[in-house]
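**Q**
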């Protein structure tokens, strides 16, 4: 299927001109009616801005399983083209604009051994050296500085909500 946003000279040259490598794109629409993880993005190729519908390249997929995480409108995405064909766009990952990384870790920076998954309302932190996992809600009345959270450690589980908390250890409830 030919993409109407690709200049006719580029579409006609698809058999002679290939576009390899990664191109910086910006998500213009993350909603995919077919739920395939595709995004619409604006990307500049050879000096010409084009709109593409890019398939997802995900690290894990199969019948009934997979990793499904779609970048929002305005997010930076890396775009590639299958076999260099402009009509076969793929988004292969994301890139951060200046200042975006720091917002993920407010109020404290993450250590190198920490994995963080952050949405506007939730943050999941996993320290792969200690095994500590923390799930935090950033919705009011919580804030990024004082989130409601569930923390799982080798010593037990702690649940915090505002100024209340409960800790459960190997012998039962340790603190309420």
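Residue numbers (UniProt numbering): 1 to 176.
Ideal placement from N, C-alpha and C gives every residue a C-beta, glycine not left out.
(1) Take the Cβ of residue 27 as the centre, count every other Cβ of all protein chains shown within 10 Å, and call the residue buried at 16 or more, exposed below.
(2) Measuring CB to CB, does residue 111 end up less than 8 Å from residue 134?
(3) Does the count of Cβ pairs from the stretch 36 to 50 and the stretch 98 to 106 closer than 8 Å reach three?
(4) Are residue 90 and residue 25 close, meaning C-beta to C-beta below 8 Å?
(5) What are the start and end residues of the beta strand (DSSP E) that includes residue 180?
(6) Can residue 122 be considered in contact with the ligand SAM, in the sense that its beta carbon sits closer than 7 Å to one or more heavy atoms?
(7) What is the rounded straight-line gap between the Cα of residue 13 and the Cα of residue 86?
(8) Using a Cβ-Cβ cutoff of less than 6 Å, which residues in the same chain neighbour residue 161 once the five nearest sequence positions on both sides are dropped?
(9) Hey, is the stretch 62 to 77 in contact with the stretch 122 to 133, meaning 3+ C-beta pairs nearer than 8 Å?
(10) Which residue from 115, 42, 173 puts its Cα closest to that of residue 52?
(11) Please return the same chain residues whose Cβ sits closer than 8 Å to the Cβ of residue 97, not counting the five positions on each side in sequence.
(12) Using a threshold of 8 Å, state whether the C-beta atoms of residue 71 and residue 57 are closer than that.
**A** Let's see:
(1) buried
(2) no
(3) no
(4) no
(5) Because the chain here runs from 1 to 176, residue 180 falls outside it and cannot be looked at.
(6) Questions concerning the ligand SAM fall outside what the structure shown contains, since it holds no ligand whatsoever.
(7) The predicted model places residue 13 with a pLDDT of 47, which falls under 50 and marks its position as unreliable, so this point remains unresolved.
(8) 148
(9) no
(10) 42
(11) 76
(12) no
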